[in-house]
Every structure is written in C-alpha cells, then in structure tokens.
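Residue numbers (the UniProt record's numbering): 17 to 327. Each residue gets a CB set at the ideal place from its N, CA and C atoms; glycine is no exception. All of these numbers come straight from a predicted model, not from anything done at the bench. One structure is given below, encoded as structure tokens.
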Amino acid sequence: QMTVPSKAAALPHGAAIPIKGATNFDTVEAMAGKWNDFSFRPIRESQVSRAMTRRYFNDLDKYAESDIVIVGAGSCGLSTAYTLAKARPDLKIAIVEAGVAPGGGAWLGGQLFSAMIMRKPADAFLREIGVPYEDDGDHSNFVVVKHAALFTSTLLSKVLQFPNVKLFNATAVEDLITRPDGKGGIRVAGVVTNWTLVSMHHDDQSCMDPNTINAPVVISTTGHDGPFGAFSVKRLVSMQAIPALGGMRGLDMNVAEDAIVKGTREIVTGLITGGMELSEVDGANRMGPTFAAMAISGVHAAEVALEVFEQ
Ligand code: AHZ
C-alpha cells in the first residue's frame, strides 16, 4: 500500500502551509478579551528546523573567511565589536563565545550586587550606547548604572543588530591558526573552533576534530585566567610565540584600569589582546568591580584593528 504524503510534507521547503482558522492581530492590544478566538498559524516542525539550520550553516560558510574574529563576548569583547561594527559596516566580524550566555563577568556589578560602576571618562561609552546612569556631577569620579545587566543587555542588543556581526556562542576557540611571519616567528591567521560541550570532552571521547575560521585579525578578550580564561595568551606561550606570562597581580583599581587601556595592543602579528586577558600577559593588576577599563580597552582594541585595514 502506498503512503500518500500529507499536503504539508509535499510543500517545497520554506513555503508556508495553508493558513486556516488562524486569527490575525496587528497589535498586542487587539488580542485583549479575544482568547476564545485566538490561534497561532499552523506550522510543520521541519519549517522550524530548516529556518534555523539553513541560516546557521550559511553563517558558518560566510564567516569561514572573516575580516576579524573576536574571541570572548565579555564586556571588553562586546565593546570592541560595537566600536568596530559601527566604524566599518563593510567588515565581516565573527564573535566566538564559549558560554551559552554572552556577557562574561558583566551581568552583576561585583560580588552578587546589581549596580555597575564606571569610572569617568568611560561615561562617554555609556552615552554612546544609550545606557542611562546616575552621576553626582562634575566633582564625582565615577557614574553608576543601576544594574550591570542593563549595560550588558543594551550593548549586546546593539552588537547583534549590526548586519556585519555574527555571534557564535556555545563555541570555544580551541587553538589559533598560525603562519610563518617570514622573520622566524609566527603570525596569527585565524582560530580553531569547536562546540564548547565537545571541547570539554576531549579527554573521554575521541575523533572530535574542530572547525576553523580564517581571519587576518584576531582580537582576544577571554578574561583573566580560569577554566576558559586567558586562552590565547596561554596558547602563545605554549607555542613559544611569547616567552612567558606576567601573571595577573593583586587588586589596585587606580593602577589596573589605566594599565589595561594603555596596554591594549597587537602582541603577536595578527593577534590583538584587550581586557583582563592582557593582565595575564603584562603582569598587570586586577581592578575588580569597575568596568570602565573593559569598555575603553574595547574601543582601543577596535582602533588597533582598524589600523590594519587602513594600511
Ligand atoms: O566565556 C568567556 C567570557 O564570556 C569567553 N572565553 C574565554 N575563553 C574562551 C575561548 N573561546 C571562546 N577559548 C572564550 N570564548 O571570554 C569571555 C571573557 O569575558 P570576561 O568578562 O571574563 O573578560 P573581560 O576581560 O571582558 O572582562 C573582565 C572583567 C573583570 S575584571 C575582574 C577582576 O579584576 O577580578 N574580573 C572580571 C570578570
């Protein structure tokens, strides 16, 4: 006996299945009191699967050759992405973030407190992205965002709206792509990636080779040392591209924030480092719960990257 495929199954992929009995509302307000009449448009599961997977695999194809890869979507990486994407809509920018949730350590202000402290003049970055803050006036040395999540969610939403940015979250950078630099050293030419959950199981599963993204500029902002932190600079040491890490020093807000912003630079050709990852290279102090240096190091990292494209 022949199975007759259902009408929906026979439809070409992506085509909407006939809309029968679906209610139409132009606004949310118009739904009020109409719940007995309410129904969603019918859907076939494969439409959902294809709508997601086709886009993701197109993105993997498109961003396999990127102009810039940003490793880590914490406060520094996101500030870098925002500044770059705004300045150069023509550049393809891939952000690779190991966590499912982008934002790094910037969802809370410090300990488990809500408010985020930004030392002046980083209030300029808050005005740039449209985050409101409390300011005690000209005599004060910092401003306060009422919740760190307001900063991070606003920055994230701006970054994700740029058409030239793709965030690959739940994806870890496992290694760096390198080339000989012609002077006996190496230059960084891209990143090696894997699903983070796969990266975490190399010890107990075999045959889980990675994927790659080629890019002339990689900006690493993976934070200070930790399970995933300081990834790129630790790898540079193990491949003998830099001699040793300085190791992040104790907390000194005054010294730390200036040092991170000033020290943001290309540490090996093709690899720019910003944010707290830099403290591991330079032996710089940590600043703890102040985020001004992360935002402004991002602005500086973007400027260093743009110089490469303006040459
Ligand atoms: O998941 C990490 C986080 O979101 C991500 N990351 C780390 N290694 C990665 C890898 N591949 C992909 N191999 C990776 N992603 O990088 C992000 C780093 O964010 P962060 O907030 O930790 O770093 P940041 O430099 O932007 O901000 C640090 C802010 C400070 S200062 C400080 C202190 O002084 O104690 N603590 C923090 C969190």
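Three-state secondary structure (DSSP) at residue i?
i, result
"Ile111", "strand"
"Thr306", "strand"
"Leu322", "helix"
"Phe141", "helix"
"Gly93", "helix"
"Leu176", "helix"
"Val44", "coil"
"Val315", "helix"
"Thr99", "helix"
"Phe56", "coil"
"Gly126", "strand"
"Gly206", "strand"
"Thr194", "strand"
"Thr39", "coil"
"Val20", "Low local confidence applies: a pLDDT of 44 at Val20 is under 50, so the model's placement there is unreliable, with the coordinate-based value given in what follows. It is coil, neither helix nor strand."
"Gln327", "coil"
Which stretch, first to last residue, makes up the alpha helix (DSSP H) that contains residue i?
i, result
"Leu294", "293 to 298"
"Lys78", "61 to 79"
Take residue i as the anchor and find which of the options has the nearest alpha-carbon.
i, options, result
"Val315", "Thr289, Ser295, Pro305, Gly304", "Thr289"
"Arg104", "Pro179, Leu142, Ala246", "Pro179"
"residue 4", "Ala317, Pro305, Ala318, Glu326", "Outside the shown range of the chain (17 to 327) lies residue 4, about which nothing can therefore be said."
"Asp268", "Ile193, Glu113, Ala260, Asn301", "Asn301"
"Val295", "Thr237, Met255, Ser254", "This sequence places Ser at residue 295; Val is not what is there. The shortest C-alpha separation from Ser295 is found at Thr237."
"Val284", "Arg203, Ala231, Gly242, Leu172", "Arg203"
"Ala110", "Gln127, Val207, Gly239, Ile145", "Val207"
"Asp241", "Leu322, Lys182, Asp298", "Asp298"
"Val185", "Pro259, Ser156, Pro226, Val87", "A quick correction: the sequence has Asn, not Val, at residue 185. For Asn185, the nearest C-alpha among the options comes from Val87."
"Glu190", "Leu172, Ser169, Asp225", "Asp225"
"Gly125", "Met310, Lys102, Val277, Gly115", "Met310"
"residue 385", "Ala117, Val181, Ala188", "What is shown of the chain runs 17 to 327, which leaves residue 385 out entirely."
"Pro246", "Ala67, Cys223, Gln256, Met264", "The identity of residue 246 in the sequence shown is Ala, whereas the question assumes Pro. The option with the nearest alpha carbon to Ala246 is Met264."
"Leu76", "Ile229, Ala318, Gly286", "Ile229"
"Pro137", "Leu107, Ala122, Gly153, Ala131", "Gly153"
"Val112", "Leu192, Val324, Val277", "Leu192"
"Val320", "Lys162, Thr212, Pro232", "Pro232"
"Ala89", "Asp219, Gly121, Met303", "Gly121"
"Asn227", "Val214, Val234, Gly239, Ile235", "Val214"
"Ser82", "Ala67, Ser91, Asp106", "Asp106"
"Tyr149", "Leu100, Val159, Val181", "Val159"
"Lys108", "Val85, Thr99, Arg251", "Val85"
"Ser156", "Ala165, Ile145, Lys174, Asp139", "Asp139"
"Asn52", "Thr39, Leu142, Ile133", "Thr39"
"Leu166", "Val44, Trp123, Gly266", "Trp123"
Is there at least one Cβ from chain C nearer than 8 Å to residue i's Cβ?
i, result
"Gln127", "In summary, chain C is missing from the structure at hand, where a single protein chain is found."
Please list the terminal residues of the continuous beta strand (DSSP E) segment that includes residue i.
i, result
"Leu183", "181 to 185"
"Arg104", "No beta strand (DSSP E) holds Arg104; DSSP gives it neither H nor E."
"Val116", "That residue, Val116, is in no beta strand (DSSP E); it is neither H nor E in DSSP."
"Arg135", "132 to 135"
Quick one: is the Cβ of residue i within less than 7 Å of any heavy atom of the ligand SAH?
i, result
"Leu267", "What this structure holds is the ligand AHZ, not the ligand SAH."
Point to revise | beta strand (DSSP E) runs contained entirely in the region 143 to 172, provided each spans 3 or more residues | key: 158 to 161
Review point. What runs of the alpha helix (DSSP H), each 4 residues or longer, lie entirely inside the region 211 to 286?
Key: As far as the region 211 to 286 is concerned, its whole alpha helix (DSSP H) runs of at least 4 residues are 212 to 215, 247 to 254, 269 to 279.
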